[in-house]
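K.L.:
Right, I'll just put the structure down here and ask away after.
Numbering (full-length UniProt numbering), first residue to last: 1 to 291.
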């Protein structure tokens with residue numbers, strides 16, 4: 001009996017020790033995040049106002065205290081939207097093929113290899129590729145569309161991998177039950193598999209969006225700089241919030257630095273708002289809702 005109590009006590013001590021390590025790891029991960037958020041919020045609130053959100057930098061002098069990031073907000077929203085329209089369908093169809101059709105095939109192994117390679121591609125390389133092919137070789141101009149092409153290259157592997165993992169988590173029994181009722185495979189994927197994995201797929205898409213929303217290097221070579229509002233992403237240079245922060249932070253005066261902090265705060269709020277909307281959509285379309 002004493003031996004059993006000793007083993008039980010030893011297990012409890014080990015459990016508490018490992019639990020303490022988990023809490024410590026969580027604290028180490030949260031502290032930098034909280035400190036960054038606090039730094040951005042405390043410095044960004046000084047210029048985060050309606051004037052900042054509704055005005056551009058056109059006609060604003062180097063030391064003028066006014067001006068805003070409206071042109072950059074429009075550019076970021078359009079570029080990220082276009083990149084999502086390109087990468088999400090391609091990434092989702094690729095994941096469906098890898099999970100449902102190409103298991104163990106030579107083509108699926110090749111696709112998985114190239115997706116892994118794309119996952120490790122630096123963002124500046126994606127920008128250089130679009131710059132060399134789209135702007136130099138094909139002769140198109142700097143534009144928000146060129147920036148969206150570069151961002152889509154970075155988004156695609158994240159969408160593929162996240163969607164692939166979510167599709168693999170769908171129980172095979174659901175597929176077999178659908179096949180037993182005589183439902184075609186494509187219809188089973190559309191009506192059973194995708195709705196079941198929908199919440200996880202949306203989360204993966206938002207991770208991809210959050211990754212590319214703050215990228216600066218690809219935009220430097222594809223979008224270029226402008227202080228004016230450009231609502232057409234297919235024509236002419238178009239500013240983005242990462243470029244706006246980069247540009248303002250590099251200017252040698254406090255007013256520009258304040259605008260850079262406010263731009264960083266705006267970018268964080270946009271990403272948080274998009275994540276909130278995605279969570280609401282995922283909750284609304286979840287198969288288990290209302291049970």
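Don't be surprised by glycine CBs; every beta carbon is placed ideally from N, CA and C.
Counting only the same chain and skipping the five closest in sequence on each side, list residues whose C-beta sits under 8 angstroms from that of residue 127.
P.N.:
150, 217, 218, 219, 220, 221, 222
K.L.:
Between the segment 179-192 and the segment 107-122, can you find at least three pairs of beta-carbon atoms closer than 8 angstroms?
P.N.:
no
K.L.:
Leaving aside the five residues before and after residue 225 along the sequence, list all residues of the same chain whose C-beta is less than 8 angstroms from its C-beta, in chain order.
P.N.:
237, 239, 243, 247
K.L.:
Can you list, in chain order, the residues of its chain whose CB lies under 8 angstroms from that of residue 134, leaving out five sequence neighbours each side?
P.N.:
140, 146, 149, 222
K.L.:
Residue 87 and residue 159: beta carbons closer than 8 angstroms?
P.N.:
Taking the C-beta atoms as reference points, residue 159 is found nearer than 8 angstroms to residue 87.
K.L.:
Ordered along the chain, which non-local residues of its own chain (more than five positions away) have a Cβ less than 6 angstroms from that of residue 210?
P.N.:
Counting only Cβ-Cβ distances below 6 angstroms, and skipping sequence neighbours, we find 271.
K.L.:
Among the residues of its own chain, which have a CB less than 8 angstroms from the CB of residue 291, if the five just before and after it don't count?
P.N.:
Its pLDDT being 46, under 50, residue 291 is placed unreliably in this model, and the value from its coordinates should be taken loosely. Cβ within range, chain order: n/a, list empty.
K.L.:
Give me, in chain order, the residues of the same chain whose beta-carbon lies closer than 8 angstroms to that of residue 197; leave out the 5 immediate sequence neighbours on both sides.
P.N.:
163, 166, 167, 169, 170
K.L.:
DSSP three-state call for residue 19: helix, strand or coil?
P.N.:
helix
K.L.:
Can you grab the Cα-Cα spacing for the pair residue 77 / residue 193, in whole Å?
P.N.:
30 angstroms
K.L.:
Output needed for residue 214: all residues of its chain with C-beta closer than 7 angstroms, excluding positions within five of it in sequence on either side, in chain order.
P.N.:
242, 267
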